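Protein chains: 2
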Amino acid sequence: MSGTWEMRVIARAHNDYTGKFGIPRQSGLVSEVLTRIVFEPEYRVPEALRGIEGFSHLWLIWVFDQAEREGWSPTIRPPRLGGNTRVGVFASRSPYRPNPIGLSSVRLLGVERTADAGLTLVVSGADLADGTPILDVKPYLPYADAHAGEAGFTEALGDQRLEVSVPEELLEQIPETSRKGLLEVLSRDPRPGYQRTAGRAYGLSFAGMNIRFTVDADRLTVTDVQPEGQHPGNPRA
Amino acid sequence: MSGTWEMRVIARAHNDYTGKFGIPRQSGLVSEVLTRIVFEPEYRVPEALRGIEGFSHLWLIWVFDQAEREGWSPTIRPPRLGGNTRVGVFASRSPYRPNPIGLSSVRLLGVERTADAGLTLVVSGADLADGTPILDVKPYLPYADAHAGEAGFTEALGDQRLEVSVPEELLEQIPETSRKGLLEVLSRDPRPGYQRTAGRAYGLSFAGMNIRFTVDADRLTVTDVQPEGQHPGNPRA
Chain A
112 MSGTWEMRVI
122 ARAHNDYTGK
132 FGIPRQSGLV
142 SEVLTRIVFE
152 PEYRVPEALR
162 GIEGFSHLWL
172 IWVFDQAERE
182 GWSPTIRPPR
192 LGGNTRVGVF
202 ASRSPYRPNP
212 IGLSSVRLLG
222 VERTADAGLT
232 LVVSGADLAD
242 GTPILDVKPY
252 LPYADAHAGE
262 AGFTEALGDQ
272 RLEVSVPEEL
282 LEQIPETSRK
292 GLLEVLSRDP
302 RPGYQRTAGR
312 AYGLSFAGMN
322 IRFTVDADRL
332 TVTDVQPEGQ
342 HPGNPRA
Chain B
112 MSGTWEMRVI
122 ARAHNDYTGK
132 FGIPRQSGLV
142 SEVLTRIVFE
152 PEYRVPEALR
162 GIEGFSHLWL
172 IWVFDQAERE
182 GWSPTIRPPR
192 LGGNTRVGVF
202 ASRSPYRPNP
212 IGLSSVRLLG
222 VERTADAGLT
232 LVVSGADLAD
242 GTPILDVKPY
252 LPYADAHAGE
262 AGFTEALGDQ
272 RLEVSVPEEL
282 LEQIPETSRK
292 GLLEVLSRDP
302 RPGYQRTAGR
312 AYGLSFAGMN
322 IRFTVDADRL
332 TVTDVQPEGQ
342 HPGNPRA
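Chains A and B are the protein sequences, given in the same order.
Residues 112 to 348 (our numbering) are what the first sequence spells out, left to right.
Residues 112 to 348 (our numbering) are what the second sequence spells out, left to right.
Pasting the structure below:
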């Protein structure tokens, strides 16, 4: 009996979540952003996906590879509880856990044949950053996996949406296939939960672009869009 | 970017599934068998479970440590399809996958304080063998995790139950707390899917007992019960 198990990266996620912020806190919350599951060369075997189109949803088991860790802490402070209330790590879906394993159910939109990466899965509703390593893909089985039930501290959390305003000339700088996704991500309020000051300028990396915005009450306004890597002067920072 | 991740065993499952057969094929199918999640000493920290009682269901992410593996195969033959039809490994929940990771949703019945193992979780509906290593425990979030949908090849599979008959003197040899669980496991037909011959004698290890039985049409009859390790002569073997 071994105390550790070595798991191999079988695939990686590719999508517009190119930065640290704006990634949905759970799967299924943002449906307009597509994620492609690209298998590593060793696992690029068409047969391994035989029959997968018959399932409407899949599970992804993946690695929180961007979560900085120094050992583990028994409690975490969920951002959506304002960052002040402590909850046991096993009562949370926090990335900061003994094993940095993430679990997401996603909608399977299709299987795509690509020239360079073999068959890839196209899914929506993922809450994974671009490049995230994936350890397993499983079919979602409603008869075993779907339950109504009590959801602890997460039940009190509302589903507030922001009204999003983007000047036409800024929207045009975003690749067309990424626009709907960006609008949905912004409507979900991508600010850190414990850092919400009216009038403050925030930045978000999405589809390789740096999106600047402010939030006033329930309205989010995009103020600037720049290709990543360029950092224009920020009058408020 | 590393191609492998080392995951640590944080807990182990303890239950009456002491053998290779009779373990439900998915979670939630057998509710009368209790499983205790006993944390490894390093993770035996009461604070890590703070707030977990507010959730009705949990996810267990665990290791198929009993699945023999020699590399991986792109397709598997699901026992419930009779063992002859091949399905892609990522379209199945087979244990024989690139990473031997299992995923199960279980009902949380309570948190028990024990003298020797600290706080343990008592759950029902698990499909894990006794002693199974667990890598993560997460709360089940219905708003993100529950979906209706299509379930591919598993949709055609019925929910056949067997009528179970156990002579009183044999039932009494089973520990009282394990009897309901055994009856439910037997009603689920614990025979291997590709090995179903009327009149044949089968054996099942449950709660450390060796249960012998036959199946004739829809009726399962227990013929002998012995403490594990004793192997009485089997007239048919």
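Don't be surprised by glycine CBs; every beta carbon is placed ideally from N, CA and C.
Note that the coordinates shown come from a computational prediction; the quantities given were computed from them, not determined experimentally.
8 angstroms Cβ cutoff met for residue i and residue j
i: F166/A; j: G229/A; result: no
i: L293/B; j: D329/B; result: no
i: E158/B; j: T186/A; result: yes
i: R218/A; j: H168/A; result: yes
i: G242/B; j: R136/B; result: no
i: I148/A; j: V174/A; result: no
i: P65/B; j: G263/A; result: The question about residue 65/B has no answer, for chain B in this structure spans 112 to 348.
i: R290/A; j: L297/A; result: no
i: I322/A; j: A202/B; result: no
i: P253/B; j: A259/A; result: yes
i: E117/A; j: E117/B; result: yes
i: D335/B; j: A309/B; result: no
i: A255/B; j: S216/A; result: yes
i: V141/A; j: R307/A; result: no
Close Cβ partners of residue i (< 6 angstroms) along its chain, the five nearest in sequence each way excluded
i: G139/B; result: G236
i: A178/A; result: P206, Y207 and P211
i: Y128/A; result: I134, A240 and D241
i: K131/B; result: none
i: G319/A; result: T129 and E339
i: P278/B; result: none
i: Q284/A; result: V336
i: R204/B; result: none
Chain B contact residues for residue i, given Cβ-Cβ distances below 7 angstroms
i: R147/A; result: In chain order: nothing, as chain B lies at least about 15 angstroms away.
Any non-hydrogen atom of the ligand PLP within 7 angstroms of residue i CB
i: E283/A; result: The ligand PLP is not among the ligands present in this structure, which contains no ligands whatsoever.
Contacts of residue i in chain A (Cβ-Cβ under 8 angstroms)
i: Q137/B; result: L252, Y254 and A255
i: R204/B; result: K249, P250 and L252
i: T186/B; result: E158, A159 and R161
i: I121/B; result: P209 and N210
i: V174/B; result: W116
Under 7 angstroms by beta carbon: chain A residues contacting residue i
i: E117/B; result: T115 and E117
i: R208/B; result: D247
i: Y154/B; result: P209
Contact set between residue i and chain B, taken where Cβ atoms lie within less than 9 angstroms
i: L171/A; result: Those do not exist, as L171/A stays about 11 angstroms from chain B at its closest Cβ, beyond 9 angstroms.
i: S216/A; result: A255, D256, A257 and H258
Terminal residues of the alpha helix (DSSP H) in which residue i lies
i: A255/A; result: P253 to D256
i: L294/B; result: E287 to S298
i: E279/A; result: E279 to L282
Chain-order list of residues whose beta-carbon lies under 7 angstroms from that of residue i (same chain, five-residue window excluded)
i: G133/A; result: V296, P301, L315 and F317
i: P244/B; result: V120, R123, W173, V174 and D176
i: R188/A; result: G194, N195, T196 and R197
i: L160/B; result: V222 and L230
i: Y154/B; result: I121 and A122
i: E261/A; result: none
i: R224/B; result: L230
Chain-order list of residues whose beta-carbon lies under 8 angstroms from that of residue i (same chain, five-residue window excluded)
i: L220/A; result: L145, V233, V234 and S235
i: S276/B; result: R330, L331, T332 and V333
i: V200/A; result: W183, S184, P185, T186, I187, Y207, R208 and P209
i: L246/A; result: M118, R119, V120, I121, I172, W173, V174 and I212
i: A348/A; result: For A348/A, the pLDDT reaches just 32, beneath the cut-off of 50, and the residue's location in the model is therefore unreliable, although a value from the coordinates is still provided. For A348/A, where only same-chain residues beyond five positions count, the Cβ hits under 8 angstroms are A312.
Contacts of residue i in chain B (Cβ-Cβ under 8 angstroms)
i: I163/A; result: G199, F201, A202 and G263
i: F324/A; result: Under the 8 angstroms cutoff, chain B gives no residues; its nearest Cβ is about 25 angstroms from F324/A.
i: F166/A; result: A202, G260, E261, A262 and G263
Boundaries (first-last residue) of the beta strand (DSSP E) holding residue i
i: S216/A; result: I212 to T225
i: I172/A; result: H168 to V174
i: Q337/A; result: R330 to P338
i: Y154/B; result: First-last for Y154/B: undefined, no H or E at that position.
i: F201/B; result: Where F201/B is concerned, there is no enclosing beta strand (DSSP E), given that its DSSP letter is neither H nor E.
i: T115/A; result: T115 to R119
i: G249/A; result: The question names Gly, yet the displayed sequence has Lys at residue 249/A. Looking at the DSSP string, the run of the beta strand (DSSP E) that includes K249/A is P244 to P250.
i: R323/A; result: M320 to D327
i: L232/A; result: G229 to S235
i: R311/B; result: Premise fails: R311/B is in no beta strand (DSSP E) and is neither H nor E.
i: A122/A; result: A122 to H125
i: V141/A; result: No beta strand (DSSP E) contains V141/A, which DSSP labels as neither H nor E.
i: S184/B; result: Element bounds for S184/B: n/a, residue is neither H nor E.
i: E164/A; result: Neither: E164/A is in no beta strand (DSSP E) and is coded neither H nor E.
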